[in-house]
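What follows is a set of notes on a single structure, which appears directly below.
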Amino acid sequence: GAGVSQSPSNKVTEKGKDVELRCDPISGHTALYWYRQSLGQGLEFLIYFQGNSAPDKSGLPSDRFSAERTGGSVSTLTIQRTQQEDSAVYLCASSATRGDTQYFGPGTRLTVL
Amino acid sequence: QKEVEQDPGPLSVPEGAIVSLNCTYSNSAFQYFMWYRQYSRKGPELLMYTYSSGNKEDGRFTAQVDKSSKYISLFIRDSQPSDSATYLCAPRDNYGQNFVFGPGTRLSVLP
């Protein structure tokens, strides 16, 4: 079946603009994760959704970052007033439930000029 | 102390070499130990996992866990240029409530 998809694959924006990144998880997966990966760095956890429960937002670096998951499926990560330090690859992953194997999308490469 | 540590590399080896990738962790609650492989400009993909201590073999890959020393290893036999990637260890507890990804080791296998 189809894997996790993310769009856009690349996004170039100007400092101060808002951006929206989209993730389509594997159908039926109840858990969805967002990570950030800076050049040469490991995965930085951002936010986690599990079914209809309140999301775990403990990894969001600032209040400029927010995410939602509509209907338990598609998720959107929004970054407001982007800064140059937000430049990174944003990865989305889904799993059947929390703790199961995570399947990653190809990521969105964000560049803030 | 970071929860999971890996030598970032890069590690360069000639084709055919045996590769040893290592990871240390601090949380004794971790019971499952995953290895993910990430090719350049791609998302990580699960390579293999082990439960508790011991060895697990899958083709040219062997995962080894020593819980007494909190040390995890991934061995690659007869390494190939296609093995060139970043390898991330990712331990978690029994219930999946606590999991973390290591920073990864970048491997380059030279033809």
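Chains as they are written, first to last, in our numbering: chain H, 48 to 160; chain L, 145 to 255.
Beta carbons: idealized from backbone N, C-alpha and C, even for Gly.
Being a predicted model, the structure only gives us computed values, none of them experimental.
* With DSSP as the reference, please indicate the residues paired to Thr155 (chain H) in a beta bridge. => H:Tyr137
* Does Ala101 (chain H) get closer than 9 Å to chain L when you measure Cβ to Cβ? -> no
* Could you check what DSSP says for Gln131 (chain H) in three-state terms: helix, strand or coil? => If DSSP states are grouped into helix, strand and coil, Gln131 (chain H) belongs with the helices.
* Asked: What span of residues does the beta strand (DSSP E) with Ser252 (chain L) cover, start to end?
  -> 249-254
* Using a Cβ-Cβ cut-off of less than 9 Å, list which residues of the segment 134-145 of chain H approach chain L; keep chain order. => Val136, Leu138, Cys139, Ala140, Ser142, Thr144, Arg145
* Asked: What is the C-beta distance between Phe92 (chain H) and Arg116 (chain H), in whole angstroms, given that I count them as a contact (C-beta under 8 Å)?
  -> That pair is no contact at about 16 Å.
* Asked: Which class does Pro108 (chain H) belong to by DSSP, given the choice of helix, strand or coil?
  -> Correct three-state label for Pro108 (chain H): coil.
* Which runs of the beta strand (DSSP E), 3 residues or longer, sit entirely within the segment 60-116 of chain H? -> List check, beta strand (DSSP E) in window: 66-71, 78-84, 90-97, 112-116.
* Asked: Using the beta-carbon of each residue, which ones in chain A are nearer than 8 Å to Asp147 (chain H)?
  -> Of the chains in the structure shown, none is chain A; the protein chains are H and L.
* Asked: Is there at least one non-hydrogen atom of the ligand MN closer than 8 Å to the beta-carbon of Ser213 (chain L)?
  -> Among the components of this structure there are no ligands whatsoever, and the ligand MN is therefore not found.
* Asked: So which residues of chain H does Leu232 (chain L) contact, with C-beta pairs closer than 8 Å?
  -> Gly89, Leu90
* Asked: Are Tyr169 (chain L) and Lys214 (chain L) close, meaning C-beta to C-beta below 9 Å?
  -> yes
* Asked: Does the segment 138-152 of chain H come within contact of the segment 229-246 of chain L, defined as at least 3 CB pairs closer than 8 Å?
  -> yes
* Asked: Cβ of Thr60 (chain H) within 9 Å of Cβ of Leu138 (chain H)?
  -> no
* DSSP beta-bridge partners for Gly198 (chain L)? -> L:Val209
* Following the continuous beta strand (DSSP E) through Leu165 (chain L), name the residue where it begins and the one where it ends. => 163-169
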